[in-house]
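Below is one structure, written out as structure tokens, with a few remarks after it.
Right under this line is the structure:
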């Protein structure tokens, strides 16, 4: 069976430059050959495929939690750049959604946001050092992972459609604009020759600049200055732990690690580094340990971001290196101005990016075509959409176990449950089968 997202035959014939060939850096040697092999306008377009999630969350947290936008943008770019050096795929970097949503809804302080990032980093490090993160991949059936992916994909689609429909019918940011952009993007869905995300982003910047010129806001220019976030003890730490890190942990493990690695295997079967769970989890942990105390927003990787960047043309780490460098330059030289532009960025255009990213992520679930696997995936998705990812995961695990139990002969079932090693071996076989 051809892997999901496999490249066309002519493109697949090109000899890949694997990160493992060159040690820790995922940049091929000689550099000019690596550049010529990966450079294209599609890479630039693909680098912007995850902005539909990035822009609303970052702008919302900076406004509600009074975080320093240049610091958030600079470290987001730094994370992109370092990730591009280590992984040879377009590995996304996006805000931790549960933490960002809680900070926006409750108006957290910057110290609470920073503490939540530090705490969850230590939690993920414990999972990595103890090797429990790899056990998750062994024990969780693929149908549950696909259910989580489908849930995230559908949420992205519904969020994007809501963003488009939440605008007026006419104006610089309107439903007509969103509908036309969506039609254009779908017509160019199967071609890499048209950099759709790049064109949409340029259009959005132009409309944002026009909106700023029509408003009474004064344009500010300033240079980024590093800062250290102060954390109030114990209030910020308790808030970051109970309302941020603990609810975020299952989402990070499932979507940012397990589902991301599964999607990487589908899209990039010849690039094994990004399919291994420990390097991806270590990346999430070290990003936040190094940056949160200096004004960074807690960040992670994500299957939805990877799907969006792949759909809009990204095929290598060049797209992420470009995105990271661009973010850092804008943060250092034009931080306040960039925030003003993003605040006026058309919601209808961002909605189109979200819709396409969600469709691409949902498409990866088409391999669950056996009856039992499809039931488990559907149940996981339904529970996750109704409540949250953690509830959906637990419901999917219970559903998979009950269905497996129901098709076992009674005699074998008694022997299996009285022998833990046999139970583990049979469950592992069940995991591989679905």
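Residue numbers (this note's numbering): 32 to 465.
All C-beta atoms in this analysis are idealised placements derived from N, C-alpha and C, irrespective of residue type, glycine included.
Along the segment 375-419, the alpha helix (DSSP H) occurs as fully enclosed runs of 4 or more residues at 378-394, 402-417, listed in sequence order. The alpha-carbon of residue 331 is positioned some 22 angstroms away from that of residue 363. Residue 439 and residue 425 have their C-alpha atoms some 22 angstroms from each other.
In this structure, the straight-line span from the alpha carbon of residue 231 to that of residue 381 is close to 9 angstroms. By DSSP's assignment, residue 126 forms a beta bridge with 330. Within the same chain, 278, 279, 282 come within 6 angstroms of residue 129 by CB-CB distance, once the 5 residues on both sides are set aside.
With contacts defined as CB atoms closer than 8 angstroms, residue 187 and residue 389 qualify as a contacting pair.
Three or more beta-carbon pairs separated by less than 8 angstroms link the segment 165-181 to the segment 412-427, which places the two stretches in contact. For residue 152, the enclosing alpha helix (DSSP H) begins and ends at 141-160. Our two residues, residue 80 and residue 193, have alpha carbons roughly 18 angstroms apart in a direct line. Under the 8 angstroms Cβ criterion, the segment 131-147 does not count as touching the segment 344-363, having fewer than three qualifying pairs. Counting along the chain, residue 227 sits inside the alpha helix (DSSP H) bounded by residues 227-245.
At least 8 angstroms separates the beta-carbon of residue 91 from that of residue 151.
For residue 63, the secondary structure class from DSSP, reduced to helix, strand or coil, is helix. Taking a contact as a CB-CB distance under 8 angstroms, the pair residue 101 and residue 329 does not count as one, their CB atoms being some 17 angstroms apart.
Ranked by Cα distance from residue 131, the first of 164, 158, 96 is 96. Residue 294 is positioned such that its CB atom lies no closer than 8 angstroms to that of residue 263. Here DSSP, grouped into helix, strand and coil, assigns residue 306 to helix. When only Cα atoms are considered, residue 405 and residue 431 end up about 11 angstroms apart. When DSSP states are grouped into helix, strand and coil, residue 164 belongs to the helix group. Looking only at 276, 312, 273, 274, the smallest Cα-Cα distance to residue 292 is reached by 312. With respect to residue 69, residue 349 sits close: the two C-beta atoms are nearer than 8 angstroms.
In this structure residue 224 is exposed. Its beta-carbon is surrounded by fewer than 16 other beta-carbon atoms within 10 angstroms. Judged by beta-carbon spacing, residue 227 lies beyond the 8 angstroms limit of residue 239, meaning their Cβ atoms are not closer than that value. Excluding five sequence positions before and after residue 154, the CB atoms of its chain that fall closer than 7 angstroms to its own CB belong to 276, 280, given in chain order. Contact between residue 340 and residue 77 holds: CB atoms are separated by about 5 angstroms, below the 8 angstroms threshold. Per DSSP, the continuous alpha helix (DSSP H) segment holding residue 78 begins and ends at 72-78.
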